[in-house]
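Worksheet for the structure shown next.
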Amino acid sequence: MVKVRFAPSPTGFLHIGGARTALFNYMYARSQQGSFVLRVEDTDRSRSREEYLNEITDSLHWLGLDWDEFYKQSDRFDLYREHAKRLLDSGAAYEDNGAVVLKMPRQEVKFFDLIRGEVVFDTSNFVQRDEAGNNLLDSEGRPVLKDEVLIKADGSPAYSFCCVVDDALTEITHVIRGEDHIPNTPKQILMYQALGFKAPKFAHIPMILNEEGGKMSKRTGAVAVSEYRAKGFLPEALVNYLMLLGWSPGGDQELMTLDSAIKKFSIKKINKSSAAFSMDKLRWINGQYVRQKSDQALADFVAPFLEKGGWIGKDYDRKKLEGIVKLYKTRMADIDEFLERTRYLFEDEFKAGEEVLKSANLSGECFSGLARVLEEAAPFNTAAVEARFREFADQRAMKMSDLVHPVRLILTGSDVGPGLFETMEVLGREKTVKRLKSAAEIS
RNA sequence: GACCUCAUCGUCUAGCCUGGUCAGGACUCAAGAUUUUCAUUCUUGCAACGCGGGUUCAAAUCCCGCUGGGGUCGCCA
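So the first sequence is numbered by this note's numbering: it starts at 2 and just counts up by one.
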């Protein structure tokens, strides 16, 4: 049975690249009816933090990547020491200042990478150098090879070794990880051999680059999954975007659910070259998912963000929110945008600034006339409001557009937005009339 | 520097394995249609096989070299 793992170290937030590694592992496991294990690599006790672990598991859950098994390396130190002892006894390793170190043999190490094909290393290149960067030479004048630390002097196990022991003991069949691990692979293969374990299959996936094609870092954009979550991206959209970074089902289809992607998934189809992250494309995909959502579901999604921003309380008008969401569904790619564009609907003390009023360029008399007419519109809905509005325009022989734009401007503070009458309905009679009146006063 | 690795529009990619297609799709951008504005939607357009050799009737596709990018060289993971 196929068994894969995602092995983050809780020394920071779940990185977008890590999420993609987890995603590929998850898709492979599910596509093969295999299992997906979450292994916490917390051997560095000083850098590992409980809150980071929580953040990572929260993010994974949010993305919908559930695991079948879970364990922490910090609970397994005895196990690693036990196997290190075996290596000591067999003579494959030796002690050095309290550390257990694997003797590096001089040989060629080959492995078949499921994505890249055969990769060959020669351990003769793993040389030790002095501080000046010169190779150290042995008595015969050959470069001294760099041996691998298995157990550190403080008794804690080293990364590579835990990784090998765990992968072997938990019977991981496929190690799917970032290509930054390629150079670790030959060393780990030597460990499998020394331990007498069968090595798993390896697949090294390409890295994600930032928009400029450089290394992903906080400086060049959001890197933590939690940041995307906070910005109001939909998890299914992020997942959809991430799977497309370095993988394609082969045809023209791009929008797909995790389940349908799993049906088409194959490691063979993962690309070899690194992919640059594109916020534009992520936003476009997110917009597609936003538009697919029902008004009810979208209102559910949006409500917590509005609550957090203090725009609505626990007892908010649900029907009204659904109405707002309906109007803005095609006008938002993410929550930040939604919040920005709908702010005027929630603010009580909204007042059109002088600039806005000036560009509205309509007489105060006209605003107050409209306010009076709309005050009587009953019920205060799109149809009734529009009828009154058109009547008003007719009476004064004004072109609708000459009236619509200034009014939108003073009602919303913006010259673009949803239909004016729909806007008025969700704004409500009270705010609409009040804003028209205050515009009339200032004009 | 050494070793490993990668290379199709600005970006994500299909095609490469099993040579022969106007090199296809998506994002972005531009233009048009629809819309009271904007957005959505639809239509159209711009835009790529890094370079140089080979093999072949024929190369994006196979081989070699170059160039360029990325990764690793920790008692971090």
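Each residue gets a CB set at the ideal place from its N, CA and C atoms; glycine is no exception.
- A distance below 6 angstroms between beta-carbons, with the five flanking residues on each side excluded, links Ala8 to the following residues of its chain, in chain order: Arg40 and Glu42.
- Shown here, Ser157 sits in coil according to DSSP, grouped into three states, outside any helix or strand.
- Taking the Cβ atoms as the reference, Asp296 lies roughly 5 angstroms from Glu323, within the contact range of under 8 angstroms.
- Judged by pairs of C-beta atoms under 8 angstroms, the region 195-206 does not touch the region 299-306, as fewer than three such pairs exist.
- Pairing Phe422 with Glu387 gives a Cβ-Cβ distance under 9 angstroms.
- Counting only the Cα atoms, Lys219 lies some 15 angstroms from Lys232.
- Counting only residues of its own chain and dropping the five nearest sequence neighbours on each side, Ala262 has a CB closer than 6 angstroms to the CB of Met244.
- Scanning its chain for C-beta atoms nearer than 6 angstroms, with the 5 sequence neighbours on each side dropped, one finds around Ser10 the residues Glu42, in chain order.
- Shown here for Arg117: same chain residues with a beta carbon closer than 7 angstroms to its own, the five before and five after excluded, namely His205 and Lys273 in chain order.
- Every alpha helix (DSSP H) of 4 residues or more that sits fully in the region 126-189 is shown, in chain order, as 160-170.
- Per the C-alpha coordinates, the member of Asn26, Lys111 and Val128 positioned closest to Val145 is Val128.
- Restricting attention to Glu212, Lys270, Leu239 and Val240, the CA atom closest to the CA of Gly251 is found in Lys270.
- In this structure, the beta-carbon distance from Ile183 to Arg6 does not fall below 9 angstroms.
- Under the DSSP assignment, Arg6 falls in the beta strand (DSSP E) whose first and last residues are Lys4 to Phe7.
- Secondary structure of Arg21 (DSSP, three-state): helix.
- Across the structure, Asn241 and Tyr27 are spaced so that their CA atoms are roughly 13 angstroms apart.
- Put simply, the backbone Cα of Leu210 is about 18 angstroms away from that of Phe14.
- Burial check for Gln74: the Cβ neighbour count within 10 Å reaches 16 or more, so the residue is buried.
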